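*Asks:* Note that the working numbering has the sequence shown beginning at 3, numbered continuously upward.
A virtual CB, placed ideally from N, CA and C, is assigned to each residue, including glycine.
Since the model is a prediction, treat every value here as computed from it, not as a measurement.
Just dropping this structure here.
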Amino acid sequence: VALVTVNRPVTADVLARFPNLKVLAVAFTGYGVHDLDACAAAGVAVYNVPDYSSNSVAELAIGLTLAVYREIPAGDAAIRAKLPWAISTGGTELRGKVVGIYGTGAIGLQTARLFRAFGCKLIGFSRTQRDEFINDLEGKYVNREEFFSTADIVSVHVPFNKDTAKSIGDADLRRLKPSAVFINTARGGVIDEDALAACLKENRFRAGLDVFAKEPLPADAKIVEAVTAKGGSNRSVVTPHVAYKTTEALARRIEITVNNLVRGLAGHGTNKV
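This is how it looks when you write it as structure tokens:
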């Protein structure tokens, strides 16, 4: 017996309803919401879908950065509202900016490649240091304080789990330069969202956010208040967790999930977590 899920948590109580379960196929890259210890105790093998949306997520990270730097949403809104033509004092170029990649796994590396193509300089902070980041992309790994204090753009690319939960806190965020842009296309839970909301409300830096601690995003969430406060709508761009959601990525996800089911039940799956 196999069970397919995405974000609905599989806990010990859920497993108790499926005593013959052998495979849990998570049709997503992230699996932090599932009780892996309970799965192991029940003899259930867990498989995920790695690297199906790396291109999609990386491209949105670039898109959010450009949207913030060039004030695209504000310009679009001004035209639609028939406001005066000049609504910007001037955008910002990507070329030459220092981009901090927080987490240099598959998605982080792909994002780094795209930023590099725009002529950006790369710094990294990651549990595992990658030779490609250093040698091919000419990136430099730095300590935490230097990472947050020197980056013009911070792009977050770590999974959500017990080790990364709120791993970016108030002290990190307050090290960002006033001109910095904070991009999160990873998971909302890896940030102290209350601290992020406070910083954005104070207009300490700008942000492009696709993910949030609670989704769907509650209307009364502090982060909503922060990005809709006076001036906030022109300084931040928010999207409803769509980084992974492209036609191509979703097709790859289906294919890999089916393969995980077939191979997992046969006892030789390749994406076991």
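Between Gly93 and the rest of its own chain, which residues show a CB-CB distance below 8 Å, the 5 nearest in sequence each way excluded?
*Replies:* Residue 93 sits at position 91 when you count from the first residue of the sequence shown. Excluding residues within five positions, the ones whose Cβ falls inside 8 Å are Tyr71, Arg72, Glu73.
*Asks:* If you draw a straight line from the alpha carbon of Gly210 to that of Phe184, how long is it in whole angstroms?
*Replies:* Within the sequence shown, the letter at position 208 stands for residue 210. Within the sequence shown, the letter at position 182 stands for residue 184. Distance between the alpha carbons of Gly210 and Phe184 is about 6 Å.
*Asks:* Am I right that Tyr49 and Lys274 are in contact with their C-beta atoms under 8 Å? What's the rounded C-beta distance?
*Replies:* What you label residue 49 is simply residue 47 of the sequence shown in a count that begins at 1. What you label residue 274 is simply residue 272 of the sequence shown in a count that begins at 1. Contact holds; Cβ gap of about 6 Å.
*Asks:* Give a yes or no on whether the C-beta atoms belonging to Thr152 and Val100 are separated by under 7 Å.
*Replies:* Locating residue 152 in the sequence shown gives position 150, counting from the first residue. Locating residue 100 in the sequence shown gives position 98, counting from the first residue. It is a contact, given that the beta carbons lie within the stated cut-off.
*Asks:* Compute the Euclidean distance between the alpha carbons of Thr187 and Val59, then round it to the nearest angstrom.
*Replies:* To locate residue 187, count along the sequence shown from 1; it is residue 185. To locate residue 59, count along the sequence shown from 1; it is residue 57. Roughly 7 Å between the two C-alpha positions.
*Asks:* Compare the Cα-Cα distances from Pro218 to each of Ala228, Val244, Arg132 and report the closest residue.
*Replies:* Walking along the sequence shown from the start, residue 218 turns up at place 216. Closest by alpha carbon: Val244.
*Asks:* Is Thr7 helix, strand or coil when you go by DSSP?
*Replies:* The residue you call residue 7 lines up with position 5 of the sequence shown. It is a strand residue.
*Asks:* Go ahead and pull the three-state DSSP assignment for Val70.
*Replies:* Translated into the one-based positions of the sequence shown, residue 70 becomes position 68. Note: Val70 maps to helix in three-state DSSP.
*Asks:* Exposed or buried, which one is His270 when buried takes at least 16 other CB atoms within 10 Å?
*Replies:* Taking the first residue of the sequence shown as 1, we reach residue 270 at position 268. Counting Cβ neighbours within 10 Å, His270 comes out exposed, since fewer than 16 surround it.
*Asks:* Am I right that Lys203 and Ala173 are in contact with their C-beta atoms under 8 Å? What's the rounded C-beta distance?
*Replies:* Looking up residue 203 in the sequence shown gives position 201. Looking up residue 173 in the sequence shown gives position 171. 17 Å between Cβ atoms; not a contact.
*Asks:* Measure how close the beta-carbons of His159 and Gly110 come, nearest whole angstrom, since I'm counting them as under 8 Å.
*Replies:* The sequence position of residue 159 within the sequence shown is 157, counting from 1. The sequence position of residue 110 within the sequence shown is 108, counting from 1. Between Gly110 and His159 the Cβ distance is about 4 Å, and since that is below 8 Å, they are a contact.
*Asks:* With hydrogens ignored, establish whether the beta-carbon of Gln112 is closer than 6 Å to any heavy atom of the ligand FAD.
*Replies:* Of ligands this structure carries none, so the ligand FAD is not represented either.
*Asks:* Looking only at its own chain, which residues have a Cβ that is under 6 Å from the Cβ of Arg237, when we skip the five neighbours before and after it?
*Replies:* On the sequence shown, residue 237 is found 235 positions in, with the first residue counted as 1. So the qualifying residues of the chain are Arg208.
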